[in-house]
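Numbering (our numbering), first residue to last: 2 to 173. Structure record follows, encoded as structure tokens.
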Amino acid sequence: MSPVLFVIVIEVISRELRAGLPLELLYADDLILMAESEESLRDKIVKWKSGLEAKGLKMNTGKTKVMFSCSMKDRVEEKGKWPCGVCKKGVGNNSISCHGCKKWIHNRCSGVKGSLRNASQSFICRCCKVDRPITDRLNTDLHLNIGNVVSLEKVDKFCYLGDMLDPDGGCD
């Protein structure tokens, strides 16, 4: 009887928080949130955390994991020893380092007018200036400021309901 009561209570509590399939998967006390950008994922996590806490439940941020993924058609293959942070093709001498993502950017991809030397001290590439898709930040953890700073671990595989999910959409 206890699992049935739990499901009924979670259904009522989460009704106002849910956006629906396929962006949220809720099974008992397991929840998957999906978003197109890092910022919208942060907003969803904060919304669910505050909504659950308002009803007396706690989100265990220690067990919460983040997995960045993309479809294979959206993935651009990086080429060369030093791939450009914008177009992913190998860079040469005529490039500049981005202070945001720490990647080298072609002069033609940088948008810098004139000499690259003048802009090199504070250059931020166009990908870092806009709300980039999650797939551009595959190697970083997700940091939330919810009263205190919480760092959610980035993982390359994730077990959900007994299935191992990977960033490319595969499942074992």
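We put the beta carbon where it would ideally sit given N, CA and C, even for glycine.
Query raised in the report: According to the neighbour-count rule (16 or more other Cβ atoms, all chains shown, within 10 Å of its Cβ), is Leu26 buried or exposed?
Result: Counted from its first residue, the sequence shown places residue 26 at position 25. Residue burial annotation: Leu26 is exposed, with fewer than 16 other C-beta atoms found within 10 angstroms of its C-beta.
Review point. Expressed to the nearest angstrom, what Euclidean distance is found between the alpha-carbon atoms of Asp167 and Phe159?
Key: Reading the sequence shown from its first residue, position 166 is the one you call residue 167. Reading the sequence shown from its first residue, position 158 is the one you call residue 159. In this structure, the CA atom of Asp167 is about 7 Å from the CA atom of Phe159.
Beta-carbon within less than 8 Å of Lys104's beta-carbon, same chain only, minus the 5 sequence neighbours each way: which residues are those? Taking the first residue of the sequence shown as position 1, residue 104 is located at position 103. Same-chain partners within the cutoff: Pro84, Cys85, Gly86, Ser98 and Cys126.
| said: Using DSSP's beta-bridge definition, name the partner residues of Leu26. | reply: Here residue 26 refers to the residue found at position 25 when the sequence shown is read from its first residue. Answer is Ile33, bridged to Leu26.
What is the rounded straight-line gap between the Cα of Met60 and the Cα of Asp30?
-> Taking the first residue of the sequence shown as 1, we reach residue 60 at position 59. Taking the first residue of the sequence shown as 1, we reach residue 30 at position 29. Straight-line spacing of the CA atoms in Met60 and Asp30 works out to 10 Å.
Give the secondary structure of Gly91 by DSSP, where H, G and I count as helix, E and B as strand, and everything else as coil. Within the sequence shown, residue 91 is the residue found at index 90, counting from 1. The answer is strand: DSSP assigns Gly91 an E or B state.
*Cβ of Asp169 versus every heavy atom of the ligand ADP: is any distance shorter than 7 Å?*
Of ligands this structure carries none, so the ligand ADP is not represented either.
Requested in this report: Starting from the Cα of Cys128, find the closest Cα among Leu143, Cys102, Val151 and Val150 and give me that residue.
Outcome: Taking the sequence shown and counting its residues from 1, the one referred to as residue 128 is at position 127. Comparing C-alpha distances from Cys128 to each of Leu143, Cys102, Val151 and Val150 shows the shortest one belongs to Cys102.
Checklist line | Residue(s) in a DSSP beta bridge with Pro84 | finding: To locate residue 84, count along the sequence shown from 1; it is residue 83. In DSSP, Pro84 forms a bridge with Gly91.
**Asked** Closer than 8 Å, CB to CB, is Gly57 near chain C or not?
**Response** Here chain C cannot be found, since the structure has a single protein chain.
Spatial neighbours of Asn94 within its chain, please: CB distance less than 8 Å, with the 5 preceding and 5 following residues excluded, ordered by chain position. By one-based count along the sequence shown, residue 94 stands at place 93. Shown here for Asn94: not one same chain residue has a beta carbon closer than 8 Å to its own, the five before and five after excluded.
Within a Cβ cutoff of 8 Å, which residues of the same chain sit near Pro23, ignoring the five residues on either side of it in sequence? Counted from its first residue, the sequence shown places residue 23 at position 22. Correct list, in chain order: Met35.
(Q) With distance defined between alpha-carbon atoms, name the residue in Val67, Gly170 and Val13 nearest to Ser38. (A) Locating residue 38 in the sequence shown gives position 37, where the first residue counts as 1. When each option's Cα is compared against that of Ser38, the closest is Val67.
inquiry  = Please classify Val92 as buried or exposed, where buried requires at least 16 neighbouring CB atoms within 10 angstroms.
reply    = What you label residue 92 is simply residue 91 of the sequence shown in a count that begins at 1. When all chains shown are included, Val92 counts as buried.
Reference Cys110; option with closest CA among Leu117, Gly63, Cys88 and Ser123: For the purposes of this step, residue 110 is identified with residue 109 of the sequence shown, where counting begins at 1. Among Leu117, Gly63, Cys88 and Ser123, the Cα nearest to that of Cys110 belongs to Cys88.
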